[in-house]
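Engineer: Be aware that the sequence shown starts at 2, since it is given in our numbering, and climbs by one per residue.
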Amino acid sequence: MIAPLLTALTASVVAGGHDAGLPFFTLHQLDIGPLPLQPFGIVVAAGVLIGAEVMRRYMLRFGVDEDDIRNLTLWLIVSGFIGAHVFDAVVYEHERLAADPMLILKVWDGISSYGGFIGGALGYMFYVWWKRLVPAVMADASIVGLLTAFSIGRIGCTIVHDHIGRATSSPLGIDYPRRELVARHLEGEFASTASVIRAHNVAMYELAYLAVVCAIILPLAFSKRRYPGGFLAVLVGLFYAPVRFFLEYYRLNTSDPRYLGFTFAQWSSVVFFAAAALVAARLWKHGTPSLLATELGGRPGGRQATLAALEKAKAKGEPLPAAKARKGKGKDDDAADDAAATDADAKADADATATVDQRPAKKKS
C-alpha cells in the first residue's frame with residue numbers, strides 16, 4: 002500500500018519545477034484470502050478504535066463508569082454510521098435512491114460526514130436522556146473521541162481521493178490523469194481536455210486543518226486546567242464549521258449538489274455554528290467545570306443521580322465519603338452504591354427528625 006505513494010512522491014521531487022503539482026497516487030485493496038480489505042476501510046476502522054480509546058481515557062478522568070463508556074460509545078458509532086449513510090443516500094444519491102429504494106438499507110454503500118455528525122448527535126441525545134447522564138461531560142467526551150476518529154478518517158478520504166474538487170493551478174493541487182476523472186464520471190466538470198488535469202483534493206485541505214484543531218483541543222482536554230462542561234464540544238464546533246463552509250466552495254456540482262446555492266454541508270455548517278455560538282454564550286454566563294473522579298465521593302461520574310446526591314450532601318453540610326476504587330464494578334455494584342447512598346440520606350433525615358422530636362416541649366407562660 003505504501004509503495005505507490007513513495008513512488009509518486011519521488012517522481013514529483015525528480016520532476017521539480019514551479020509548475021509541478023502534487024502527484025496522483027492510488028492504493029489498491031489488500032486481499033487476505035477471500036477477504037478484500039480496502040485502504041479507506043482500514044483507515045476508518047483504525048480511526049474508530051483510536052477515537053474510542055481517547056474518549057474512554059477522557060471519561061475516566063471524570064469517574065464515568067466503564068459500562069456507561071462502552072454503551073455511549075456503541076450508541077455513537079451505530080447511530081453515526083446509520084446517519085452517515087442515510088443522509089448520503091437522501092442528499093447526495095437521491096437519483097440512485099429513487100431507482101433503487103433498497104439503497105437506504107445498504108449501510109456500506111456511501112457515507113456523509115455531516116450525516117454522521119447528525120446521526121451521532123441524535124444517538125447521543127437519546128442515550129443521555131434515557132440513562133439520565135450529565136450532558137456537558139458526555140458532550141465533551143463524545144467530541145474528543147469524534148474529533149480524533151474523524152481526523153484519522155480524513156486520511157482515508159485523502160489517499161483514495163474521495164473529494165476531488167475544482168480545477169486549480171495551485172502547486173497544492175493534485176495532477177489527476179484524465180482517465181481517473183472519467184472513471185469517476187467527473188470529466189464534465191472540467192473544461193480542459195488535457196491528459197492530466199490539476200484539481201483540489203478537498204479532503205487533504207480539511208485533514209491539514211483538522212491536524213491543527215487536534216493539536217489545540219486534545220492538549221486542552223487532558224490538561225489540568227478546568228473549563229466549563231461542554232466547552233470542548235462548543236470550541237470544536239466553532240473551529241470546524243466555518244472552515245468546512247468555505248472549503249465546500251471547492252467541491253464539484255456533480256459530487257455535491259447545491260440546494261438554494263449551498264451544499265448540504267454548508268447548510269449544516271451554518272446550523273452547527275449557530276448552535277455552538279448559542280451554547281457558548283450560555284456557558285459564558287452559567288458554565289461550571291465538570292466534576293473530576295476525585296470530587297465524586299466514590300460515586301460514578303457523569304450521572305445526574307450523582308450530582309443530585311452531592312448537592313443534597315452539600316446542603317446538609319455533610320462531608321463526602323472518601324473516594325473508593327471503582328475498577329471492575331458493574332451495574333449491580335453501581336445500583337448497590339446508589340441504594341446505599343439513598344439509604345444513608347434517608348437515615349440522616351430520620352435521625353434529624355428524631356432529634357427534633359426528643360427536645361422537651363416548652364411550657365406556656
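All residues carry an ideal CB built from backbone N, CA and C; glycine is no exception. Since we're looking at a predicted model, the values are computed, not measured.
(1) Taking contact to mean at least 3 C-beta pairs separated by less than 8 Å, is the stretch 149-163 in contact with the stretch 203-220?
(2) Could you check whether H164 and E96 sit closer than 9 Å to each other, using their CB atoms as the reference points?
(3) Please report the straight-line C-alpha distance between F273 and G302, rounded to a whole angstrom.
(4) Between K107, T169 and L77, which lies nearest to M126 when the distance is taken from Cα to Cα?
(5) Could you tell me which whole beta strand (DSSP E) segments of length 3 or greater appear in the stretch 153-221?
(6) So what's V138 in DSSP terms, helix, strand or just coil?
(7) In the DSSP assignment, the beta strand (DSSP E) including L38 goes from what residue to what residue?
(8) Taking the beta strand (DSSP E) that L73 belongs to, which residues open and close that run?
(9) Could you tell me which residues DSSP pairs with F263 in its beta bridges?
(10) Quick check on DSSP: helix, strand or coil for L233?
(11) Would you check if the stretch 263-270 and the stretch 282-290 touch, i.e. whether three or more CB-CB distances between them fall below 8 Å?
(12) Report yes or no: do the stretch 106-114 and the stretch 80-89 share at least 3 C-beta pairs separated by less than 8 Å?
(13) Beta-carbon separation of A184 and Y59 under 9 Å?
(14) What did DSSP end up calling P243 once you bin it into helix, strand or coil?
(15) Taking the continuous alpha helix (DSSP H) assigned at I119, which residues delimit it?
(16) Please state whether DSSP places G368 in a helix, a strand or coil.
(17) For R227, which three-state DSSP category applies?
(18) Skipping 5 residues on each side, what residues in its chain have a beta carbon closer than 6 Å to that of D20?
(19) By the 10 Å Cβ neighbour count, where 16 or more other Cβ atoms means buried, how is G262 classified, buried or exposed?
(20) Just to confirm, are G52 and G157 a CB contact at a threshold of 9 Å?
(21) To the nearest angstrom, how far is it from the Cα of A122 to the Cα of F88?
(22) Within the continuous alpha helix (DSSP H) that includes L308, where are the two ends?
(23) Taking a contact to mean a Cβ-Cβ separation below 9 Å, would you say A168 touches A204 in this structure?
(24) Residues in the same chain with beta-carbon distance under 7 Å from D333, minus the five sequence neighbours each way, listed in chain order, please.
(25) With burial defined as no fewer than 16 other Cβ atoms inside 10 Å of the residue's Cβ, what is the status of L182: buried or exposed?
(26) Does the pairing of the stretch 133-141 with the stretch 229-237 give three or more beta-carbon distances under 8 Å?
(27) For F118, tell me which candidate among V237, K313, A314 and H287 has the shortest Cα-Cα distance.
(28) Return helix, strand or coil for A21, following the three-state DSSP convention.
(29) Compute the Euclidean distance between the alpha carbons of A278 and F240, then round it to the nearest angstrom.
Structural biologist: Straight from the coordinates:
(1) yes
(2) In the sequence shown, counting from the first residue as 1, residue 96 sits at position 95. In the sequence shown, counting from the first residue as 1, residue 164 sits at position 163. Not in contact: E96 and H164 (Cβ atoms no closer than 9 Å).
(3) Reading the sequence shown from its first residue, position 272 is the one you call residue 273. Reading the sequence shown from its first residue, position 301 is the one you call residue 302. So the alpha carbons of these two residues sit roughly 28 Å apart.
(4) Here residue 126 refers to the residue found at position 125 of the sequence shown. Nearest of K107, T169 and L77 to M126, Cα basis: L77.
(5) 165-168, 175-178 and 197-202
(6) Taking the sequence shown and counting its residues from 1, one reaches residue 138 at position 137. Helix at V138.
(7) The sequence position of residue 38 within the sequence shown is 37, counting from 1. It spans L36 to L38 - the beta strand (DSSP E) in which L38 sits, taken as one unbroken run.
(8) Position 72 of the sequence shown, counted from the first residue, corresponds to residue 73. No beta strand (DSSP E) holds L73; the alpha helix (DSSP H) holding it covers E67 to F88.
(9) Locating residue 263 in the sequence shown gives position 262, where the first residue counts as 1. Y260.
(10) Numbered from its first residue, the sequence shown carries residue 233 at position 232. In the structure shown, L233 sits in a helix (DSSP, three-state: H, G or I).
(11) no
(12) yes
(13) Here residue 184 is taken as the residue at index 183 of the sequence shown, counted from 1. Here residue 59 is taken as the residue at index 58 of the sequence shown, counted from 1. Cβ distance not < 9 Å, so A184 and Y59 don't count as in contact.
(14) The sequence position of residue 243 within the sequence shown is 242, counting from 1. Three-state result, P243: helix.
(15) Position 118 of the sequence shown holds residue 119. Looking at the DSSP string, the run of the alpha helix (DSSP H) that includes I119 is S114 to W131.
(16) Look at the range of the chain in this structure, 2 to 366, and you will see that residue 368 is not part of it.
(17) In the sequence shown, the residue the question calls residue 227 occupies position 226. If DSSP states are grouped into helix, strand and coil, R227 belongs with coil.
(18) Here residue 20 refers to the residue found at position 19 of the sequence shown. If we look at D20 and ignore the five residues flanking it on each side, it has no Cβ neighbours.
(19) For the purposes of this step, residue 262 is taken as the residue at position 261 of the sequence shown. When all chains shown are included, G262 counts as exposed.
(20) Here the question's residue 52 lines up with position 51 in the sequence shown. Here the question's residue 157 lines up with position 156 in the sequence shown. The answer is no: Cβ separation not under 9 Å.
(21) For the purposes of this step, residue 122 is identified with residue 121 of the sequence shown, where counting begins at 1. For the purposes of this step, residue 88 is identified with residue 87 of the sequence shown, where counting begins at 1. Rounded to whole angstroms, A122 to F88 spans 14 Å at the Cα level.
(22) What you label residue 308 is simply residue 307 of the sequence shown in a count that begins at 1. Unbroken alpha helix (DSSP H) run through L308: Q305 to K317.
(23) For the purposes of this step, residue 168 is taken as residue 167 along the sequence shown, with counting starting at 1. For the purposes of this step, residue 204 is taken as residue 203 along the sequence shown, with counting starting at 1. Their beta carbons are not under 9 Å apart, which means A168 does not touch A204 by this criterion.
(24) Taking the sequence shown and counting its residues from 1, the one referred to as residue 333 is at position 332. Unreliable positioning characterises D333 in this predicted model, as indicated by a pLDDT of 48, which lies under 50. The coordinate reading is nonetheless provided below. Same-chain partners within the cutoff: there are none.
(25) As a working note, residue 182 is residue 181 in the sequence shown. It counts as buried.
(26) yes
(27) Sequence index remark: in the sequence shown, residue 118 carries index 117 (1-based). Looking at the Cα atoms, V237 is the closest of the given residues.
(28) Counting from one through the sequence shown, the residue named residue 21 turns up at place 20. Of the three classes helix, strand and coil, the one that applies to A21 here is coil, per DSSP.
(29) Along the sequence shown, read from residue 1 onward, the residue named residue 278 stands at position 277. Along the sequence shown, read from residue 1 onward, the residue named residue 240 stands at position 239. Cα to Cα, the separation comes out at about 11 Å.
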